[in-house]
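Visitor: Supplied in C-alpha cells, the structure appears directly below.
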Amino acid sequence: MSTLPALLGQRLRRDWLQLVLWIAGIAALGGVAASAVTTTFGDETERAGVLALTATAPAILIFRGTPNGADAGPFAFFLIFAFLALMAGLMSTFLAVRHTRAEEEQGRAELVGATPAGRVLPTVATVVHGVLANAVVGLAVAGAFIAGGFEVAGSLTTGAATAATGVAFLAFGLFAAQLFRTSRAANTCSVAFVLGAYVVRGIGDATGTYSDDGQHVTPSWVSWLSPIGWAQRTEAFAEDDLVPLLLPLGFAVLLVGLVFAFQSVRDQGASVLAGGRGRATAGPVLSSGTGLAWELSRGAIIAWAVGALATGLLATSLTPLIDQIGTEVPAVAQTLEQMNPGGSLGQALTATFFSIVGILAAAAALQVVIRARQEEAHGTAELLLAVPLSRTRWLVGYLVIGALAIAAILVTAALGAVIGAQRADDPAQAAGDAIEAALAQFPAALLFLAIGLVLFVYLPRLTIALSWAALGALAVLGVFGDLLAPPEWMADLSPFTHSPIPIGDDIDWTGGFWMLGLAAAGSVVAVWSMRRRELAPGG
Amino acid sequence: METVVSTHGLVKRFGRVTALDELDLEVTRGEVHGFLGPNGAGKSTTIRILLGLARATAGEALLFDRDPWRHAADLHRRVAYVPGDVSLWPNLTGGEAIDLLSRLRGGTTDRAAYATRKQRLLDAFQLDPRKKGRAYSKGNRQKVALVAAFATPADLYLLDEPTSGLDPLMEQVFNREIARVAAEGSTVLLSSHILSEVEELCDRVSIIRAGRLVESGTLAELRHLTRTEVAFVHEPGREHEVAALDGAHDVRIDSGRIRFAVDSDRVAGVLPALGALGVQGLTITPPSLEELFLRHYGDDVAEVDRSGGDGSSADRAGTDSVEARA
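As you go down the protein sequences, you meet chains A and B in turn. Under full-length UniProt numbering, the first sequence has 220 at position 220, and the numbering climbs by one with no breaks. Under full-length UniProt numbering, the second sequence has 285 at position 285, and the numbering climbs by one with no breaks.
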C-alpha cells in the first residue's frame, strides 16, 4: 500500500523546516540548562542550598518541577523538564491541528479524501508523523544532555519523558481537532490545555511535601492531573523509572481511539461540537477600521495581558525569597546584580521581570501589526479598502490598537505587581518600583510597534517572519546581553538595552526619550509611506 | 454623456509580467457595461486599479474624472465593490461583516431604512447572517459581499465576476438587483466570462485580451462585425452555387445541411439568391456573444483544437479575422 507513505511524505515535506527549528530549539533549551547547571550551580552544596531555599518559597516550583536531590542530573531535570515538555506539547498540538482540522477547514482534506486515501487514513498518517516527530525530539533532548556530560541512562529517560508527553499532547490536539469546526478554536483549546497542564502540575508541585532533608519533593495529587506531572514522575537521573510514562502513552491511545471513533461517524468538515450561531447584526464597536482592528486583536491582547498579570505578580511576590537567596547563594545574586547593577536585589528582580513584561508588550504590539498583514494577505483588507476608508486611516487603526495593547499589558503587569507587593517588607516602595519599571518598558515596546509598522509598509510579505525574528534576537540581546557578553555595539542594537532602569531612587529616562522619539518617527514614516503603498496580496 | 470610468493607455506590470498593456476603457453614466475576457486577461487588475488598491505603472485611470489612487477613500463614497473571490473575517458573522461594510460606506445613517434594505436582500439571496465567516460556502461568501454592495446605494457598482459560485436561481436574483440599480440611474461595470449573463444584462460590452481592449460597443454594433450563420437542407451540387454567392464564406456540409456564414451587413443581399434557389428549411442565426467572444479568442481555441486534431472551420475563420486585425 503506497497511500500511507505518500501521505506521510507530504507531511514531512511540508513540515520539515518547521520541525527542524522546533526540535533544535527544544534540544538547545535542554543543552543550555545542562550547561547552566555545571557553570552557574557547579557546586553540589550550592545546589543543595538552592533546593533548601525553595522549601521557604515553594511558589518557585511552579516554574521548575519537583527536586530529587542536589546531584547535577536530577537538578537539571528539576530545572528544565517542565519547559521541555511544554515546548514538545506546543509543537505537537500545532502539528496535529495543522494536518487535520486546518486541512478540513481549507477544503484540502476534501481533495485528499476523494482519492483512495479516504477520510480516515490522513489522520493515521498524522498520528504516525507526530509520533515520529516526538521520537526525534526525545532523541535530540537525550543527545543534548549526553553532550553536556550527563549520564546516558538519565539522559535517555529525560528524552523519553519529553517524547511521551509530546505524544500525549499530540493526541489531545487531534482530539480538539475533532471537537471544533475551526482550526483557530482547536488550536486555542489545545494551547490552553498544554499551558493548563503546565500550571496544574506547577500547583501540584508547589503544594507537594518536602522530605526531611529538604532535597526531595513529592508532589500533591494535583500534579497527577497533568501529563507533564506524569512524566516528571520518571525522576530522571535519580530513579530513572519509565513506568509512569505508561500514563501519557495510555492517555494518547485512549484519545486517539476516540478520535477515530468520532471520525468514523462524522461528515467531512463537520465537528463534534457544532459551531454556535453568531450575531445577525454587528455591535457598536464594528463601525470603523479601528473598531475592526480591535475586534480582530482583542483575543490575543487579552491572552498577552494574562501573561503580563502573572509576570507582574511574580515580580514583586518573589522579592522576599530573592533577598534570602542573595545572602545564601552568591551566584544568583551576582547574576541579578549583573543584569541590574547598583540597585537593591528586590529592585533588580522587579526590573528583570519587567524586562520580560516589556517583551510581552512588544510581542502583543507586533501581533496587532501582523494582524494587519494577515488581513491583507487573506484578502479581507481589500473589502475594507474598497469602502471610504483610506489606506492611511486603516493603518492608523492598527497603530492605535497596537499602542493600546502595549498600555493594556503594562497596566495589567503593574496591577499584578502592586497586588504581589502587599506581602513585601515595604509594599509602597515595591509597588512604586514596579509601576516605574512598567512605565520604563513603554518606549521600547512602542519602538517595536513602529518597527513592525515600517516592516509592514516596506516589506509586507516578510512582515511576520521579520517581526518575530527581530523581537526574538533583540530581546535575547537586551535581556541576557550582559550574560552572553556580546560586543557592546551589538547589545546596543536592542531597544531593551536602553530601557530606563530604576536604580535606588534614581532612574535615567534618557534612553526612553530617545526611543519614544524614534518610535514616533518610525510610525509617522510608516503611516506616511502607506499613502504610496499598493495592496500586497498574499504570497 | 458623462464618463464615469475611463482609462487611457493604462499599463500595469508585475515585475516582468505585463498585466495591462495600454488598456483604453470607457464607461458612461447609467449604462450596464459588460467587461469580458478570459482568465488572466487583466479584468481584476483593471478593477483593482479603478478602486485605488493597485497603482498604474503608466497611463491614466479616472473614476468620476478623478484619480482613484489619490482620492480612493473619497471616491469610494460613490462606489460599491464585489470581488470574484470573497474572503470574510473568520470570527465575524456574515451579518456583522455586512453591517461593518455598510457603516463604513455611510449607508446606515437612516437605521430603519438600512435595516429594511438589508432584510430584503437577505431574504432575496436566502442568506443566513448568523454564520461565522469560515462556515460559509463559496457561494454564500459571495452573497455576503453582494448584500453588502446592494444594501447601500452607489453611483457606480464595480463587480468582478460577482456571480461566481452562485446557483442559477441566485443569478436571477442578482440580475434583478442589477436591473433595479440600473433603473435608478446607477452605472455598473460587470466583469464576467459568463456570456449569457452579459448578454442579458449589459447595454455595452468591452472585450479585453492580454491586457488590451480588442472590441468595445453595444451588442448590436459588435454583432455587426461578425457573420450570420445561414443553413438549409442540402441537395447535391448546391454547395457550388452557394460558394459563388457574394459575401458567403466557409461553405460546408454538415449532417445533411449546407451551412455558410454571411457578413452580418450583407444578409439582405443574399436572400434573393436563396429564394431563387428554392431552398428548404432555411435558418438564419445572428451571432451570439459567444461567437463574438470566440472570434477574439479563436486562435487560442484553434491552438487547443490543432493539438486535439479537430479544428472546426468556424474557429479557423476566427483565427483569420484576428490575424487580419493584428
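Ideal Cβ positions, reconstructed from N, Cα and C, are used throughout, including at glycine.
Return the first residue and the last residue of the beta strand (DSSP E) that S206(B) is part of.
Guide: R204 to R209
Visitor: Quick one: Cα of L415(A) to Cα of P122(A), how far?
Guide: 47 Å
Visitor: Pick helix, strand or coil for R316(B), following the three-state DSSP scheme.
Guide: Unreliable placement is indicated for R316(B), whose pLDDT of 36 sits below 50; no coordinate value is reported for it.
Visitor: Can you give me the C-alpha to C-alpha distance between T209(A) and I62(A), rounded to a whole angstrom?
Guide: 14 Å
Visitor: Beta strand (DSSP E) containing I258(B): first to last residue?
Guide: R257 to D263
Visitor: Mind the definition here: the region 528 to 538 of chain A touches the region 24 to 42 of chain B only if three or more C-beta pairs lie below 8 Å; say whether that holds.
Guide: no
Visitor: Using a beta-carbon distance cut-off of less than 9 Å, what residues from the region 121 to 145 of chain A approach chain B?
Guide: none
Visitor: When we look at the beta-carbon of R11(A) and count the other beta-carbons within 10 Å, is it buried (16 or more) or exposed?
Guide: Under this definition R11(A) is a buried residue.
Visitor: What residue range is occupied by the uninterrupted alpha helix (DSSP H) comprising I146(A)?
Guide: L121 to A147
Visitor: Kindly identify the DSSP beta-bridge partner or partners of S6(B).
Guide: E26(B) and L62(B)
Visitor: Name, going along the chain, the residues of the region 131 to 143 of chain B whose beta-carbon falls closer than 8 Å to a beta-carbon of chain A.
Guide: K131, K132, R134 and A135
Visitor: Please classify E323(B): does DSSP put it in a helix, a strand, or coil?
Guide: Summary for E323(B): the model assigns pLDDT 33, below 50, so the residue's position carries little reliability; its value from the coordinates is reported in the next sentence. Residue state, collapsed to three classes: helix.
Visitor: Can you tell me which residues form a DSSP beta bridge with A248(B)?
Guide: BP columns for A248(B) point to V262(B).
Visitor: According to a CB-to-CB cut-off of less than 9 Å, which residues of the region 261 to 292 of chain A neighbour chain B?
Guide: G275, G276, R277, G278, R279, A280, T281, A282, G283, L286, S287, S288, G289, G291 and L292
Visitor: Out of G133(B), T163(B) and V32(B), which one is the CA nearest neighbour of V205(B)?
Guide: V32(B)
Visitor: Could you tell me whether the Cβ of Y157(B) comes closer than 8 Å to any Cβ of chain A?
Guide: No, Y157(B) lies away from the interface with chain A (no Cβ there is under 8 Å from its Cβ).
Visitor: Which two residues bound the contiguous alpha helix (DSSP H) that contains S192(B)?
Guide: No alpha helix (DSSP H) contains S192(B), which is instead part of the beta strand (DSSP E) from T187 to S192.
Visitor: Do you know how far the Cα of V217(A) is from the Cα of S211(A)?
Guide: 6 Å
Visitor: List the DSSP bridge partners of F14(B).
Guide: V17(B)
Visitor: If we define contact as Cβ-Cβ less than 8 Å, is R325(B) a contact residue for chain A?
Guide: Any reading at R325(B) needs caution, since the residue's pLDDT is 34, under 50, leaving its predicted position unreliable; the model's value is listed next. Chain A contact via Cβ: absent.
Visitor: Distance check for F448(A) and residue 606(A), CA to CA, integer angstroms please.
Guide: Outside the shown range of chain A (1 to 539) lies residue 606(A), about which nothing can therefore be said.
Visitor: Given that L516(A) touches chain B, what residues does it touch there, using C-beta distances under 7 Å?
Guide: Under the 7 Å cutoff, chain B gives no residues; its nearest Cβ is about 30 Å from L516(A).
Visitor: Please state whether DSSP places S216(B) in a helix, a strand or coil.
Guide: Three-state result, S216(B): strand.
Visitor: Among the candidates G89(A), T412(A), V199(A) and L395(A), whose CA atom is the shortest distance from the CA of residue 545(A)?
Guide: With chain A running from 1 to 539 in the structure shown, residue 545(A) is simply not present.
Visitor: Can you tell me whether DSSP reads Y458(A) as helix, strand or coil?
Guide: Y458(A) falls in the helix class under three-state DSSP.
Visitor: Which chain B residues are close to S390(A), counting only those with a beta carbon under 7 Å from its beta carbon?
Guide: A72 and A73
Visitor: Name the chain A residues whose beta carbon is nearer than 8 Å to that of G106(B)?
Guide: P388
Visitor: Check the DSSP bridge columns for E229(B) and list the partner residues they point to.
Guide: A261(B) and T285(B)
Visitor: Can you grab the Cα-Cα spacing for the pair L399(A) / T3(A), in whole Å?
Guide: 49 Å
Visitor: So if DSSP puts L86(A) in a beta bridge, which residue, or which two residues, is it bridged to?
Guide: Partner(s): none; L86(A) has no beta bridge.
Visitor: Closer than 7 Å by C-beta to V82(B): which residues in its own chain qualify, once you throw out the five before and the five after it? Chain order, please.
Guide: A145, L146, A149, L159, D160 and P162
Visitor: When you check each C-beta in the region 179 to 200 of chain A against every C-beta of chain B, which residues fall closer than 8 Å?
Guide: R181, T182 and R184
Visitor: Quick check on L383(A) - is its C-beta less than 8 Å from some C-beta in chain B?
Guide: yes
Visitor: Grouping DSSP H, G and I as helix and E and B as strand, with all else coil, what is N140(B)?
Guide: It is helical.
Visitor: Along chain A, which residues have their Cβ under 7 Å away from the Cβ of H76(B)?
Guide: Neighbours of H76(B) in chain A, taken as residues at a C-beta separation under 7 Å, are given in chain order as A386, V387 and P388.
Visitor: In its own chain, which residues sit with a C-beta less than 7 Å from the C-beta of P500(A), not counting the 5 before and 5 after it?
Guide: A440, I507, D508, W509, G511 and G512
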